[in-house]
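For reference, the structure is listed below as structure tokens.
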Amino acid sequence: MNPRQKAELLQIAGGRVEFDSPMTRRTTFRVGGNADALCEMHDLEDLCRILPYLVRENIPYLVIGRGSNLLVRDGGIRGVVILLSGALSQIHSKSPDGSEILAGAGLSIVDLLTGCRKRGLSGLEFLAGIPGTVGGAVAMNAGAFGDEIGAWVRELRLVDPRGEVHVIHRSRLTFSYRTLDMEKGAVIAQVAFRMNLENEKSIVEKISGCLKRRKASQPLEYPSAGSVFRNPVNDYAGRLIEQAGLKGKCIGGAMISDRHANFIITQAGASAADILALIDEARNAVMKTAGITLKLEIRVVGDPADLDTAERWDDLSL
Ligand SMILES: Cc1cc2nc3c(=O)[nH]c(=O)nc-3n(C[C@H](O)[C@H](O)[C@H](O)COP(=O)(O)OP(=O)(O)OC[C@H]3O[C@@H](n4cnc5c(N)ncnc54)[C@H](O)[C@@H]3O)c2cc1C
């Protein structure tokens, strides 16, 4: 990014720009290099201004939530990382009977569930313990305990790369296992959910039940990005990795959890390269022992540490 672009970015983002921003602070794996710039967008107008600017200037961009499903390579991100906050992280009641809410994509899942509980709205409790945002959860069609967020979405407000806002009803959305079909470069700004009315006590019980089940099976005390691989049809990636004998396997500062083999956990000093090496090892071992190709659930973005600058602008690999 050249000095003119840096100055223009500061102006467009109202000063809320951090240059050379460490992605270790923005991802739950706590690894990865720096992004050229990280911009905080506070409202729809901000988004509608910045996206066409970045497209026009040929600057790659990536919107993130809490980075809880992201592995940023050690060379960092050439381009702009966009965070949503302010009006894009608030929650409002939408329908007269109160059963519909509108949530900003930057709202954390914790705050979404608190807002639902206070309004006596039930349905999304299965998300308890997922450390992401509404936008990240909808983009990933996050799910747990047999339910998925897509089933509760009534409509999305999206900003496309040209800066145009679209309201898309659920009948035109295609959710599938950990994905939502969306135009490349589009950003989810707000999400309307249709929920069930229920008393607060029963909602609290459901949330604590989900949290208890998570704590029993997941290594939540260590940095991770949750499940690394998608579950193959009729099987579990964790079971296959365990069967391949890789529970507890370490490379550098990363380890295949000995509690849940589909989690890779990290300690201080771990690199993205350590995690990628474990991913390769798990894939190869499962192919050898079960003949199954594991597919990634986490999204890998950014540059390897040793890529030369000319190639770097090519991809934000989403
Ligand atoms: C301990 C732990 C447990 C987890 N358990 C679960 C689980 O049970 N089920 C599950 O499904 N996941 C789970 N996850 C993974 C992760 O938390 C979810 O996928 C979460 O929904 C990602 O949200 P995020 O805001 O962190 O998204 P990020 O990781 O920041 O982004 C994920 C993807 O969404 C895109 N994205 C983010 N925001 C937007 C937006 N506004 N518009 C368009 N695209 C956007 C990003 O570009 C990226 O491609 C777990 C993770 C951890 C660390």
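Quick note, our numbering runs 576 ahead of the 1-based positions in the sequence shown. A virtual CB, placed ideally from N, CA and C, is assigned to each residue, including glycine.
Using a Cβ-Cβ cut-off of 8 Å (strictly less than) and excluding sequence neighbours within five positions of residue i, which residues of its own chain qualify?
| i | result |
| --- | --- |
| E857 | L822, K825 and I827 |
| V714 | A681, I725, G726, V729, L732, L756, I764 and V767 |
| G674 | R695, G696, L697 and L773 |
| R806 | Y753, R754, A813, L870, K871, L872 and E873 |
Examine ligand 1 and report whether any of its heavy atoms sits within less than 8 Å of the Cβ of residue i.
| i | result |
| --- | --- |
| M599 | no |
| V741 | no |
| G719 | yes |
| P707 | yes |
| G828 | no |
| N645 | yes |
| A713 | yes |
| T842 | no |
| V567 | Past the edges of the chain, shown from 577 to 894, lies residue 567, and the structure says nothing about it. |
| V648 | no |
| M758 | yes |
| V763 | yes |
| T604 | yes |
| I851 | no |
| M831 | no |
| S800 | yes |
| I803 | The sequence given here has Ser at residue 803, not Ile. Because some heavy atom of ligand 1 lies under 8 Å away, the Cβ of S803 counts as near it: yes. |
| A681 | yes |
| I783 | no |
| R875 | yes |
| L796 | yes |
What whole-angstrom Cβ distance do residue i and residue j have, given they're in contact under 8 Å?
| i | j | result |
| --- | --- | --- |
| G814 | N838 | 4 Å |
| I832 | I817 | 6 Å |
| A848 | G608 | 5 Å |
| M771 | I640 | About 26 Å; that fails the 8 Å criterion. |
| P737 | A762 | 7 Å |
| S597 | N578 | The Cβ separation is near 18 Å, so there is no contact. |
| I658 | L688 | Contact doesn't hold; Cβ gap of about 20 Å is too wide. |
| M599 | N645 | Rounded, the Cβ-Cβ distance is 13 Å, inconsistent with contact. |
| A820 | V862 | 5 Å |
| I841 | S800 | 5 Å |
| F605 | L647 | 6 Å |
| P628 | G739 | 4 Å |
Got a sec? Which residues, its chain only, sit under 7 Å from residue i by beta carbon, not counting five neighbours each side?
| i | result |
| --- | --- |
| A853 | I827 |
| F702 | A720, F721, D723 and C786 |
| Q581 | E633 and I635 |
| A663 | H618, D619 and G680 |
| T885 | In this predicted model, T885 has a pLDDT of only 39, less than 50, meaning its place in the structure is not dependable enough to derive any value. |
| L630 | Y637 and V656 |
If you drop the 5 nearest sequence neighbours on each side, which residues of the same chain put their C-beta closer than 6 Å to that of residue i?
| i | result |
| --- | --- |
| A589 | C615 |
| H745 | E731 |
| R642 | P707, G708 and T709 |
| E584 | none |
| R602 | G643 |
| H742 | L734 |
| Q843 | G829 |
| P808 | I868 |
| V593 | L585, L586, A613 and C615 |
| S803 | N838 and E873 |
| G712 | G641 |
| G699 | W728, M771 and N772 |
Go to residue i, then tell me how far its beta strand (DSSP E) extends in each direction, as first and last residue.
| i | result |
| --- | --- |
| Y637 | Y637 to I640 |
| L614 | N610 to M617 |
| A679 | E676 to G680 |
| I744 | V741 to H745 |
Which residues bound the alpha helix (DSSP H) around residue i?
| i | result |
| --- | --- |
| L585 | P579 to I588 |
| R912 | No answer is possible for residue 912: the residues shown for the chain start at 577 and end at 894. |
| G711 | V710 to A715 |
| I779 | E776 to S793 |
| G814 | A813 to Q819 |
| I685 | I685 to K694 |
| E594 | Element bounds for E594: not the alpha helix (DSSP H) but the beta strand (DSSP E), V593 to P598. |
| K864 | A848 to A866 |
| V631 | L620 to R632 |
In terms of DSSP beta bridges, what is residue i paired with?
| i | result |
| --- | --- |
| G643 | Note: G643 sits in no beta bridge, so no partner. |
| S522 | Limits of the chain in this structure are 577 at one end and 894 at the other, which puts residue 522 out of reach. |
| D879 | G652 |
| C826 | M831 |
| Q666 | BP columns for Q666 are empty, so no partner. |
| G719 | E724 |
| L697 | L773 |
| S569 | Residue 569 falls outside the range modelled here, since the chain spans only 577 to 894, and no answer is possible. |
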